Amino acid sequence: MKKLQKDIKKFRENNIEENKEFVFKFLDLNYSLEDVQIFISKVKDLHNNNDMIYDQETESILSIIIEIKRIEKAFNEIDCHHENDNERWDNVIKNSIWIIKNSISKLSDTNKEKIKKYINKLILEMDDYTYQFDLIDELFNNYILDLLDDNTLEQFLKSTKIKLSESCNKQQLEGFERSINAHQ
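0 is the number of the first residue of the sequence shown in numbering that gives the first Met the number 0; add one for each residue after it.
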């Protein structure tokens, strides 16, 4: 909590441009979804009390970071043996991707690239095919598959081919490959 208090103090001391860069630190895995939510709550209170410490773009970056943290939490808590939990996390992923889609358009090109780079890194770190597929499928459904770079798509396609023996995933993979080919 002390670290978070220091972050809030630093954010308050920074100017608007510095804060735009500062918030990217919350993508670090040492910050949980709850940490980011507390941080946002505190800085919103400061901001709403006429302490103009961030702008619309910073707010959009924070919205995206919250959604990325939700996706990370879903990935860490998803369990292939509990279908009800998985359905709940699928809904979290869908909602998060929708929010990212709507928020990313408000970012500068530089900040879009930072977010894009992190999303690609996150997908490459996932070792669960179904979860990767759900996330990439939602990106496709929301017409933002272009957030993924060629390397990520290539790695994903390679990893799914290895797991083709799993009959439950074969049909999903075929549909996804058709989607990728249609997108190119």
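The beta carbon of each residue, even a glycine, is placed where N, CA and C say it ideally should be.
Note that this is a predicted model, so its numbers are computed, not measured.
Counting of Cβ neighbours within 10 angstroms places T57 among the buried residues, the total reaching 16 or more. If you look at I143, you'll find it isn't in any alpha helix (DSSP H); DSSP assigns it neither H nor E.
According to the DSSP assignment, N14 belongs to no alpha helix (DSSP H), since it is labelled neither H nor E. Y30 and I63 have their C-alpha atoms spaced approximately 14 Å apart. Counting along the chain, the unbroken alpha helix (DSSP H) around Y117 starts and ends at 108-124. Pairwise C-beta distances place the segment 87-105 out of contact with the segment 2-21, as fewer than three of them are shorter than 8 Å. Residue environment: N110 is assigned as buried (16 or more neighbouring CB atoms within 10 Å of its CB, all protein chains considered). With 16 or more other Cβ atoms from the protein chains shown falling within 10 Å of its own Cβ, I114 counts as buried. The beta carbon of Q55 sits closer than 8 Å to those of K105, all from its chain and outside the five residues before and after it, given in chain order.
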